[in-house]
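Asks: My questions will all concern the structure given below.
2 protein chains.
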Amino acid sequence: MSKTNRVGSSPVRDLLALTARPEVISFAGGLPAPELFDVEALRTAFDQALSRRTLQYAPTEGDPDLRARVAERLTDRGLPTGAEDLVVTTGSQQALTLAVTALLEPGSVVAVEEPTYLAALQAFRLAGARVVPVPGDNHGIDPDALAEVVKRERPTMLYLVPTFANPTGRTLTADRRARVAALADRHGLWVVEDDPYSELRYRGNPLPPLAAHSERVLHVGSFSKIGAPGLRLGWLRGPAELLRSLVIVKQAADLHTSTIDQAAAAVYLGAGDIGRHIAGLRAAYRERRDAMIRALPSTLPPGASWSDPDGGMFVWVELPDGVDTGELLPKALAQDVAFVPGAPFYATTPNPSTMRLSFTTNTVPQIEEGMRRLATAFH
Amino acid sequence: MSKTNRVGSSPVRDLLALTARPEVISFAGGLPAPELFDVEALRTAFDQALSRRTLQYAPTEGDPDLRARVAERLTDRGLPTGAEDLVVTTGSQQALTLAVTALLEPGSVVAVEEPTYLAALQAFRLAGARVVPVPGDNHGIDPDALAEVVKRERPTMLYLVPTFANPTGRTLTADRRARVAALADRHGLWVVEDDPYSELRYRGNPLPPLAAHSERVLHVGSFSKIGAPGLRLGWLRGPAELLRSLVIVKQAADLHTSTIDQAAAAVYLGAGDIGRHIAGLRAAYRERRDAMIRALPSTLPPGASWSDPDGGMFVWVELPDGVDTGELLPKALAQDVAFVPGAPFYATTPNPSTMRLSFTTNTVPQIEEGMRRLATAFH
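Chains C and G, in that order, give the protein sequences. Letter by letter, the first sequence follows residues 334 to 712 in our numbering. Letter by letter, the second sequence follows residues 334 to 712 in our numbering.
Following this line, the structure appears as structure tokens:
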């Protein structure tokens, strides 16, 4: 059956298996630190939210209170938004798949930065889309290169994680944001701005979201990194006409997102402590980032380079030519440490010498110990 | 954009708007009765379930405890099932859409009973499938007619609600179940058995699920009608090879279903009171069913007929030829009573004289008053 074949296997699933042994210090997953979850505040929020209303079916667009809270927060961050501009999704992964379903046909072209988020690549492949990389550098994709790709390939969609990208940690500059948005407007290109990390900034000043520059940008956000991923809550901001299609696609996907989880998140965001909670995450993750960056020179072999992210969860490492991180991984696991080889993050030709390290899940002493183990694996 | 056009509009959404005014007695929605929700037991379950683990990302297949509980309950109902045979889904609507994504291509043929669940028809249309009805009668589809359709149309999938169907309330007989399953085995047809209602039986003896007869049957279940729909929990039981594909499709759809909602449902099912709770639902819904059936002869015009369901949520009404229930609906709403016109439940040529009435959402006095209003609308 051709369809079942296209579904294929899943690199994410294979990778998740790496971190199962408790003695492994894993830099592989993109997991928030569980010890930093705001457990008691969320417990209170669930208790307050649970009612006959929140146990019942609910509108596909999402809980009105949650949409209003998210709209306020986006507006405060420089993206003027009303509740009616938002659809709540079952995690930001669903937002991505809804956009894919509403906008792409088999054979449609999707432009991406390379490397990029592998579950997005998986969703594009499942839809039968053709993925085309846009060249870039440490400041994100190059708008001139994008103009070339648009001219040559006529993509329907550009997918970006413009702020603290997964897997590279890179951030698209303000100037490039404006130029990418102008290209989208000029050519009727849809841009998906996947934005789970931008509130996890450890230095420098926030940049306006790409969506602030153009109505052609679908802005996708998430509760997973600022609150907790277990609630599976994301949101999608877009123009009214497209939201109507997305709501119909979502209705077929799961009717609506958990009523109780949405209501609990609305109570939690409404309680007003999220700012303080995020400040705590930033302080802890900044130390972890610094610990990893500090350890890298003595961990990696000569000739290695790495990104120096201003925020987010990931450091991207490039080892000297000829080193295959896929072959290195079993040696690392033998030392009870894990990372993700870079190859699955590439849409086209992978660079086998790359790897992704997450610094959020482990404490500073765990990071230091994990980096020592990694150094052993390299020798 | 052709894709956005295919998304089209949604009859379900338009219908949900009917029930918004509080003074309307609505027989339109397929909502469980909120006053019967087991609120305090679910509150306790959420409180017990909430932890650092249940706020974190989780495996795509679902919570191991929830899968084990559901497997036990299916086994007790005559469908031998292990936890590993199940994938937890974000409501049974997601189970349906995952099966559609994994199995259908644009142009694939789906056989259905007619009329059938309209959100299933919507999911098939979104996938670009061609929907072909299988003739039947008050005992469900006719296996001889199915054999004809299989020969003529070569469908990839047969979609059925074999027990207390939505919208008709009909149940496929035991003999026909065996014959449908044998056809599926012989012709390599996938059968989706959508089974949200079978525990809501008000008379007669349970029938073995269709899935008990064949490995070609994907059995889809739901927490929505026995527990609460707000948690958005369903499950899909199928053969190992297909489950692997479905898990990959689900990963692209939403990574996994809410960790906390799954854990709360596992605690709730494990507490052992679900049997008593369902017995209470049955007792209340049986009275409501009887009240509606009792009122119909004096409500409907001469020449009308209706189904007499052994369980579930719905009575299907056929009015005399020439009556268009779509035209009747504004008159009913003017009397502050609502129903669903039958036309959207048809895959092909609708019978405009049909309507669906739900008896679960309203109390017996509300049903009696609503039926009086409906009688007024008819005159």
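Beta carbons: idealized from backbone N, C-alpha and C, even for Gly.
Measuring alpha carbon to alpha carbon, tell me which of 678(G), 689(G) and 712(G) ends up nearest residue 452(G).
Replies: In the second sequence, residue 452(G) corresponds to position 119, counting from 1. Answer by Cα proximity: 678(G).
Asks: Counting C-beta neighbours from all protein chains within 10 Å, is the total for residue 589(G) 16 or more, i.e. buried, or is it exposed?
Replies: In the second sequence, residue 589(G) corresponds to position 256, counting from 1. Residue 589(G) is buried by the Cβ-count criterion.
Asks: Are residue 669(C) and residue 706(C) close, meaning C-beta to C-beta below 9 angstroms?
Replies: Counting from one through the first sequence, the residue named residue 669(C) turns up at place 336. Counting from one through the first sequence, the residue named residue 706(C) turns up at place 373. Cβ atoms of residue 669(C) and residue 706(C): closer than 9 angstroms.
Asks: Can you give me the Cβ contacts of residue 482(C) inside the same chain, cut-off strictly under 7 angstroms, excluding the 5 residues immediately before and after it?
Replies: One-based indexing of the first sequence puts residue 482(C) at position 149. 444, 465, 467 and 488.
Asks: Taking the beta strand (DSSP E) that residue 552(G) belongs to, which residues open and close that run?
Replies: Numbered from its first residue, the second sequence carries residue 552(G) at position 219. Run containing residue 552(G): 550-555, per the beta strand (DSSP E) assignment.
Asks: Quick check on DSSP: helix, strand or coil for residue 633(C)?
Replies: Here the question's residue 633(C) lines up with position 300 in the first sequence. Coil, per DSSP.
Asks: What whole-angstrom Cβ distance do residue 663(C) and residue 675(C) have, given they're in contact under 8 angstroms?
Replies: Here residue 663(C) refers to the residue found at position 330 of the first sequence. Here residue 675(C) refers to the residue found at position 342 of the first sequence. Contact flag wrong, Cβ pair sits at about 16 angstroms.
Asks: Out of 565(C), 485(C), 398(C) and 532(C), which has the shortest C-alpha to C-alpha gap to residue 495(C)?
Replies: Locating residue 495(C) in the first sequence gives position 162, where the first residue counts as 1. Nearest option by C-alpha distance: 532(C).
Asks: From the DSSP output, in three-state form, read off residue 394(G) for me.
Replies: Here residue 394(G) refers to the residue found at position 61 of the second sequence. Of the three classes helix, strand and coil, the one that applies to residue 394(G) here is coil, per DSSP.
Asks: What residue does the alpha helix (DSSP H) around residue 377(C) start on, and which one ends it?
Replies: By one-based count along the first sequence, residue 377(C) stands at place 44. Unbroken alpha helix (DSSP H) run through residue 377(C): 372-382.
Asks: Candidates 658(G), 428(G), 700(G) and 561(G): which alpha carbon is nearest residue 369(G)'s?
Replies: Within the second sequence, residue 369(G) is the residue found at index 36, counting from 1. For the residues 658(G), 428(G), 700(G) and 561(G), the minimum Cα distance to residue 369(G) belongs to 561(G).
Asks: Is the separation between the beta-carbon of residue 416(G) and that of residue 601(G) shorter than 9 angstroms?
Replies: Counted from its first residue, the second sequence places residue 416(G) at position 83. Counted from its first residue, the second sequence places residue 601(G) at position 268. Cβ distance not < 9 angstroms, so residue 416(G) and residue 601(G) don't count as in contact.
Asks: Let me see if you follow: with CB-CB separation under 9 angstroms, is residue 549(C) close to chain G or not?
Replies: Looking up residue 549(C) in the first sequence gives position 216. With 9 angstroms as the cut-off, residue 549(C) does not count as an interface residue toward chain G.
Asks: Quick one, are the C-beta atoms of residue 571(G) and residue 418(G) less than 9 angstroms apart?
Replies: Numbered from 1 along the second sequence, position 238 holds the residue referred to as residue 571(G). Numbered from 1 along the second sequence, position 85 holds the residue referred to as residue 418(G). It is a contact, given that the beta carbons lie within the stated cut-off.
Asks: Roughly how far, in whole angstroms, is the beta-carbon of residue 657(C) from the beta-carbon of residue 685(C), given that I think they are within contact range, below 8 angstroms?
Replies: Looking up residue 657(C) in the first sequence gives position 324. Looking up residue 685(C) in the first sequence gives position 352. That pair is a contact at about 4 angstroms.
Asks: Using a beta-carbon distance below 9 angstroms, is residue 533(C) in contact with chain G?
Replies: The sequence position of residue 533(C) within the first sequence is 200, counting from 1. Output row for residue 533(C): interface = no.
Asks: Identify every run of the alpha helix (DSSP H) within the segment 474-507 of chain C, keeping only runs that are complete inside it and at least 4 residues long; order them along the chain.
Replies: The qualifying runs are 476-486.
Asks: How close, in whole Å, do the beta carbons of residue 528(G) and residue 553(G) come, if the pair is a contact with beta carbons under 8 angstroms?
Replies: Residue 528(G) sits at position 195 when you count from the first residue of the second sequence. Residue 553(G) sits at position 220 when you count from the first residue of the second sequence. Going by Cβ atoms, the distance from residue 528(G) to residue 553(G) rounds to 6 angstroms, so yes, they are a contact pair.
Asks: Going straight from the alpha carbon of residue 402(C) to that of residue 382(C), what length do you get?
Replies: Against the first sequence, residue 402(C) aligns to sequence position 69. Against the first sequence, residue 382(C) aligns to sequence position 49. For residue 402(C) and residue 382(C), the distance between alpha carbons rounds to 15 angstroms.
Asks: How about residue 564(C) and residue 591(G): are their beta carbons less than 9 angstroms apart?
Replies: Locating residue 564(C) in the first sequence gives position 231, where the first residue counts as 1. Locating residue 591(G) in the second sequence gives position 258, where the first residue counts as 1. Cβ distance < 9 angstroms, so residue 564(C) and residue 591(G) count as in contact.
Asks: Decide yes or no for the touch test of the segment 645-656 of chain C against the segment 529-548 of chain C: beta carbon pairs closer than 8 angstroms, at least 3 of them.
Replies: Judged by Cβ distances under 8 angstroms, the segment 645-656 of chain C makes contact with the segment 529-548 of chain C, as three or more pairs qualify.
Asks: Which of the three DSSP states, helix, strand or coil, is assigned to residue 358(C)?
Replies: Numbered from its first residue, the first sequence carries residue 358(C) at position 25. Residue state, collapsed to three classes: strand.
Asks: Could you check what DSSP says for residue 687(C) in three-state terms: helix, strand or coil?
Replies: Residue 687(C) sits at position 354 when you count from the first residue of the first sequence. In the structure shown, residue 687(C) sits in a strand (DSSP, three-state: E or B).
Asks: Any beta carbon from chain C within less than 9 angstroms of residue 618(G)'s own beta carbon?
Replies: In the second sequence, counting from the first residue as 1, residue 618(G) sits at position 285. No, residue 618(G) lies away from the interface with chain C (no Cβ there is under 9 angstroms from its Cβ).
Asks: Under 9 angstroms between the Cβ atoms of residue 726(C) and residue 693(C)?
Replies: The displayed coordinates of chain C run from 334 to 712. Any statement about residue 726(C) would go beyond what the structure contains.
Asks: Under 7 angstroms, CB to CB, which of the residues in the segment 550-561 of chain C have a partner in chain G?
Replies: Hits within the stretch, in order: 561.
Asks: Strictly by DSSP, which residues pair up with residue 638(G)?
Replies: As a first step, residue 638(G) is located in the second sequence; it is residue number 305 there, counting from the start. Per DSSP, 651(G).
Asks: How about residue 652(C) and residue 687(C): do their beta carbons lie closer than 9 angstroms?
Replies: Locating residue 652(C) in the first sequence gives position 319, counting from the first residue. Locating residue 687(C) in the first sequence gives position 354, counting from the first residue. Yes, the Cβ-Cβ distance between residue 652(C) and residue 687(C) is below 9 angstroms.
Asks: Compute the beta-carbon to beta-carbon distance between residue 540(G) and residue 550(G), rounded to the nearest angstrom, for a pair I have assumed lies under 8 angstroms.
Replies: Along the second sequence, one-based indexing puts residue 540(G) at 207. Along the second sequence, one-based indexing puts residue 550(G) at 217. With a Cβ gap of about 14 angstroms, residue 540(G) and residue 550(G) do not count as contacting.
Asks: Spell out the partners DSSP gives residue 419(C) in its beta bridges.
Replies: In the first sequence, the residue the question calls residue 419(C) occupies position 86. According to DSSP, which records beta bridges pairwise, residue 419(C) is partnered with 570(C).
Asks: Please give me, in chain order, every unbroken run of the beta strand (DSSP E) with length at least 3 that falls completely inside the segment 654-708 of chain C.
Replies: Segments of the beta strand (DSSP E) lying fully in the segment 654-708 of chain C: 687-691.
Asks: Can you list, in chain order, the residues of its chain whose CB lies under 8 angstroms from that of residue 521(G), leaving out five sequence neighbours each side?
Replies: The count along the second sequence starts at 1 and reaches residue 521(G) at position 188. The residues are 549.
Asks: Using the C-alpha atoms, what's the distance from residue 439(G) back to residue 432(C)?
Replies: The residue given as residue 432(C) occupies position 99 in the first sequence. The residue given as residue 439(G) occupies position 106 in the second sequence. Whole-angstrom Cα-Cα distance: 18 angstroms.
Asks: Pull out every residue of the segment 371-392 of chain C whose Cβ sits closer than 8 angstroms to any Cβ of chain G, in chain order.
Replies: Listed by position along the chain: 372, 375, 376, 379, 380, 383, 384, 385, 386, 387, 388, 389, 390, 391 and 392.
Asks: I want to see whether chain G comes within less than 9 angstroms of residue 520(C), judged by CB atoms only; does it?
Replies: Indexing the first sequence from 1 puts residue 520(C) at position 187. Not an interface residue.
Asks: Closest to residue 448(C) by CA distance: which of 420(C), 501(C) and 387(C) is it?
Replies: Position 115 of the first sequence, counting from 1, holds the residue named residue 448(C). Comparing Cα positions, the closest option is 501(C).
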